[in-house]
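Here is the structure we will look at.
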Amino acid sequence: MSDTAAPRGIRRGELGKLASWDGIIIVLTVLALVVASLAVPNFGTSRNYTFLVLDLMPILLIALPMTLIIVTGEIDLSVASTLGFTSALMGWFWNNGLSIEMIIPLCIVIGAVLGAFNGFLVTRLGLPSLAVTIGTLALYRGLALVVLGDGAVADFPFDYTGWVTGTIGGGSIPNVLLLLIPLAIVFGIVLHATPVGRALYAMGANDKAAHFAGIRVERTKFWLYVASGAVAGLVGVLWTLRYSSARADNGSGLELAVVAAVLLGGVSIFGGKGSLPGVLAGVVLLAVLQNALRLQDVSGQALNIVTGALLVLSVLLPNIVTSLRTTWHRRRLRQAAA
Amino acid sequence: MIRTHHRLLTAATASLLVLGLTACGGTTKDSNESSGGGPAGAGAASADPNAAIKEGLKIAFLPKQLNNPYSDVETSGGEAAVKELKGEYKKVGPNDASASSQVSYINTLIQQQQDVIVVAANDPNAVCPSLNQARQAGIKVVTFDSDSAQECRDAFINQATTQGIGESLAKMANELAGGEGEIAILSATPNATNQNAWIEVMKSELAKPENSKLKLVKTVYGNDDDQKSFQEAQGLLQSYPNLKVIVSPTTVGIAAASRYVSSSNYKGKVAITGLGLPNQMREYVKDGTVKKFALWNPADIGFLAAYAGAALASGKITSAEGQKFTAGKLGDYTIGADGEIVLGPPTEFTAENIDQFNF
Chain A
1 MSDTAAPRGI RRGELGKLAS WDGIIIVLTV LALVVASLAV PNFGTSRNYT FLVLDLMPIL
61 LIALPMTLII VTGEIDLSVA STLGFTSALM GWFWNNGLSI EMIIPLCIVI GAVLGAFNGF
121 LVTRLGLPSL AVTIGTLALY RGLALVVLGD GAVADFPFDY TGWVTGTIGG GSIPNVLLLL
181 IPLAIVFGIV LHATPVGRAL YAMGANDKAA HFAGIRVERT KFWLYVASGA VAGLVGVLWT
241 LRYSSARADN GSGLELAVVA AVLLGGVSIF GGKGSLPGVL AGVVLLAVLQ NALRLQDVSG
301 QALNIVTGAL LVLSVLLPNI VTSLRTTWHR RRLRQAAA
Chain B
1001 MIRTHHRLLT AATASLLVLG LTACGGTTKD SNESSGGGPA GAGAASADPN AAIKEGLKIA
1061 FLPKQLNNPY SDVETSGGEA AVKELKGEYK KVGPNDASAS SQVSYINTLI QQQQDVIVVA
1121 ANDPNAVCPS LNQARQAGIK VVTFDSDSAQ ECRDAFINQA TTQGIGESLA KMANELAGGE
1181 GEIAILSATP NATNQNAWIE VMKSELAKPE NSKLKLVKTV YGNDDDQKSF QEAQGLLQSY
1241 PNLKVIVSPT TVGIAAASRY VSSSNYKGKV AITGLGLPNQ MREYVKDGTV KKFALWNPAD
1301 IGFLAAYAGA ALASGKITSA EGQKFTAGKL GDYTIGADGE IVLGPPTEFT AENIDQFNF
C-alpha cells in the first residue's frame, strides 16, 4: 500500500487530483448535500443543518488529530474512552463544587495527559499503537466508571449547555462552528502547508527512512497523541454540555465512527496517504446520509448497512482496478499453463 | 524544522486551553442552583374539555431501543390506539439504549413535524434540550416507561403506583386463600426499594378488617436469584405446613416458587401469586399451579400514551392537574400532580386470558 513514494496531498495543479479518492469523496459529498436538500423533505432547513453540525461535531473534531496519526501509520482507538473519562470527570468536578470555567480547561489538560500516556507507550516503549490504544480504550472507560459509576450529572449551567446547542445570535449558524472551523484550519495547515506535515507523510511511507532523513519520528508521534487526547478531552466537554449529561458511557463506540470517516475520506490505514479535506468530506458525507435517510424513516439497522457498505467500497474501489488486473493476469497465466 | 512543528503542535494544544478559559466569573454548582433548568417549553394555553380529538395526528413512538420484546408490546398498544384515532403511527428508535442515541431521532421527528412524540427516555436529562425544542415547535411530548425530567414533557404515563400494586397483591392473596389462613412473601433482596414499598402497602392492607383472618407468617428473600428463590420457597413450605399462599412480588421469585410447587406434592394445595411475566408463567397457569398473578399490561401503557398525546395535541387537555380525558376501551383518566397519568391497577392474568399476552 505504501508503494507511492511521494506523499499525496491536495496541491494546486496536481495531475489526476479529481480522479483521486479524496477528490471523488469531496464531489460525492457536495452531490449528496445538493440532492438531499432538493429531494428530501425537511432536510434543507437551517434547523436541520444545525442538527447535522451537532451530530457530526464529535466525529469531525476527533477525526482531525486522528487523520494526522493515521497518516503516520499509527492509530489511536482510545479517543472515545478519553471522551467518556473526561465527561465523567466533568460531572465529578462539578459535583465537588469546581467552577465550570475551571473544569473545562482541566478536562482538556487531562485529555492531553491521557494522550501523552498513549504516546509514551507507543514511542518510548515502542509498543504497537493498535495494541496500546485498545488497552487504554478499556482502561480509560474503566476509570470513567470508577469516577462516576452508573450515575449521571445533569445540572450544568444553561449558559454553557445552551451555547453548545445554540446558534450565533439565534440565527442559522451553529455556535460550535466557531470551534470546528478554526481547529480544522489549524490541523489542515499543519498537515498540508508545513514541513511537519510533509514529515508525517514521510513517516507513514517509511519510518526508518524518515528517521535517517533527520525527522524526529518518535517525538512527533508523541505530540500527535497529546493533541489527540486534548481534542478528545474537548469533545468530552462539548458532548457533556450538548446532552446536559455527564456519564461514564458517553461516546461509547465513537472511535469506530471516527476511523470509518477517516478511511472513507481517503486516508490509507497503512499511512502515508490522505488529505484533511478528504476526511472532512468523509465525515460530512456520512452525517448527511444518516440525517437524510433518517428523515426518510430508514431504520437504524439499514443505516448501519449503508455506512458499512460505503466503508467497504471506499477501501475496495481505489484498489479494484489493480485487483481485477491481477486476477485477470493470473487467469491468463493458468490458461497458458493448461 | 522540528522546532516549527513543536511550536505548531503546542500552539494547537494551547489554543484549545485558551478556548476553555473564555470567562473567569466562575459558575459553580452552588451559584447555578437558582438559575433553573432551561427554557420553559409549555405555554400557558388553556384546555378546552369539549374539543374533539383531531384526525390525522402524526404520533411517533420512540422507545428506549428497537427490538426489545417488552417495548414492542408497549408500542403495539400505541399502534392500535393511533389506528382507532385515525392518526399516523410511526415507531423509530436507536439500536442501543445509550443516553445520547435518542437525541438525533427526536431531532428528526421535529424536522418531520410530528404532532406527538411518545418517548421512553434512556436518560432523563440527555433528551431534555431536544424535547424542549420539539415543544417549542408545537409538538406534544408524552413519556412512558421511563420519565424524562418533568420540565421537558407534557405528560408521563405511570404504569402503576406503589399503592395500586400493594393493594392488588393483598387482594389476590385474600381471594386465593379463601379469606383466611397463613400467607408468606417471597421477595427479591432485603433492600429492594420497589419490593419493600409494595410489601409495606400490602401489610397495611392486611391490617384492614376484610383481611383480618389472613396471617402473614414470614417474609423471605430469594435475592432475585432463581436457585435461591427456589430453595426459599421449599423452606417456607417445610416450615409452615398450613401455608395457603405464597405472594412473590418479583418475576424471578414467582417463577421459581411456581416451578418448585408444580413439581412437588404441594401442587394444588398451595397457591402462588404475585407479579410475573405471562411468558414465564404460562406453563404453571396451564398446569394449574398458579390461578392468578398480576402485572401492568405493557400494551395498555402504549395505548394510553397515544390517547393522552392525541388529547394534548387536540387542545382537549394541557398538562394541568385535574383535567380529564377518555382513552377508548381503557375508560376515563385524570391528570395527576406533575402531569402524571396513572394507568390503573395491574392487569390480572388467569388461565382464561393468559394466551392473549405475549411478553
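In the order they appear, the protein sequences are chains A and B.
According to the working numbering, the first sequence is numbered sequentially starting from 1.
According to the working numbering, the second sequence is numbered sequentially starting from 1001.
For each residue, glycine too, the CB sits at the ideal point set by N, CA and C.
Being a predicted model, the structure only gives us computed values, none of them experimental.
- Per DSSP, the unbroken beta strand (DSSP E) holding B:S1248 starts and ends at L1243 to S1248.
- The residue among B:A1188, B:K1228, B:T1334 and B:P1124 with its C-alpha nearest the C-alpha of A:R247 is B:P1124.
- With the rule of 3 Cβ pairs closer than 8 Å, the stretch 70-79 of chain A counts as touching the stretch 253-270 of chain A.
- Under the criterion of beta carbons closer than 8 Å, B:A1306 and B:S1076 do not qualify as touching, at roughly 11 Å.
- Contact check for B:Q1065 against B:A1097 passes: the beta carbons are separated by less than 9 Å.
- Taking CB atoms only, B:N1191 has no neighbour in chain A less than 9 Å away.
- Flagged as an interface residue toward chain B: A:R242, by a C-beta distance shorter than 9 Å.
- By the criterion of a C-beta distance shorter than 6 Å, A:H211 is surrounded in its chain by V217, once the five residues flanking it on both sides are discounted.
- Among the residues facing chain B, A:S172 is not included, as its CB has no counterpart in that chain under 9 Å away.
- A distance below 9 Å separates the beta carbons of A:L60 and A:V284.
- For B:Y1240, the closest alpha carbon among the candidates B:Y1266, B:T1250, B:A1256 and B:R1259 is that of B:Y1266.
- Residues of the stretch 76-102 of chain A whose Cβ lies closer than 9 Å to any Cβ of chain B, in chain order: W94, N95, N96, G97, L98, S99, I100, E101 and M102.
- Within chain A, the residues whose beta carbon sits less than 8 Å from that of B:T1027 are S99, I100, E101, P157, D159 and Y160, listed in sequence order.
- Secondary structure at B:L1216: strand, using DSSP grouped into helix, strand and coil.
- A:V259 and A:L77 have their C-alpha atoms roughly 8 Å apart.
- In this structure, DSSP gives B:D1332 an extended state, which the three-state scheme calls strand.
- In chain order, P1129 make up the part of chain B whose C-beta sits under 7 Å from the C-beta of A:T165.
- One alpha carbon belongs to A:G166, the other to B:T1108, and they sit about 17 Å apart.
- At least one beta carbon of chain A lies nearer than 9 Å to the beta carbon of B:Y1105.
- Remark: C-beta atoms of A:G236 and A:T86 approach each other more closely than 9 Å.
- By the 16-neighbour rule on beta-carbons within 10 angstroms, B:E1180 is exposed.
- In this structure the stretch 166-182 of chain A does not lie against the stretch 284-293 of chain A, because fewer than three pairs of beta carbons, one per stretch, are closer than 8 Å.
- Note that the C-beta distance between B:L1243 and B:V1201 is not below 9 Å.
- Fully enclosed alpha helix (DSSP H) runs of no fewer than 4 residues occupy 129-148 of the stretch 104-160 of chain A, in order along the chain.
- Taking a Cβ-Cβ threshold of 8 Å, the residues of chain A close to B:N1095 are G300, Q301 and N304, in chain order.
- Between A:I24 and the set A:V196, A:K221, A:N48 and A:G278, the nearest pair of CA atoms involves A:G278.
- With 16 or more other CB atoms across the displayed protein chains lying within 10 angstroms of its CB, A:T161 is buried.
- Pairing A:M203 with A:K221, the inter-Cα distance amounts to about 9 Å.
- Below the 8 Å Cβ cutoff, chain B contributes Q1111 as neighbours of A:T45, in chain order.
- Taking a beta-carbon distance threshold of 9 Å, B:D1030 counts as an interface residue toward chain A.
- According to the DSSP assignment, B:I1301 belongs to the alpha helix (DSSP H) that extends over P1298 to A1313.
- Annotation: the continuous alpha helix (DSSP H) that includes A:V186 extends over L177 to H192.
- Excluding its 5 nearest sequence neighbours in each direction, A:T240 has C-beta neighbours in its own chain below 6 Å: S87, M90 and A246, listed in chain order.
- Counting C-beta pairs closer than 8 Å gives three or more between the stretch 1346-1356 of chain B and the stretch 1278-1285 of chain B, which meets the contact rule.
- In terms of beta-carbon proximity, B:S1098 lines the interface with chain A, with at least one pair separated by less than 9 Å.
- Across the set B:D1048, B:T1273, B:V1217 and B:L1062, the C-alpha of B:V1217 shows the shortest separation from the C-alpha of B:K1203.
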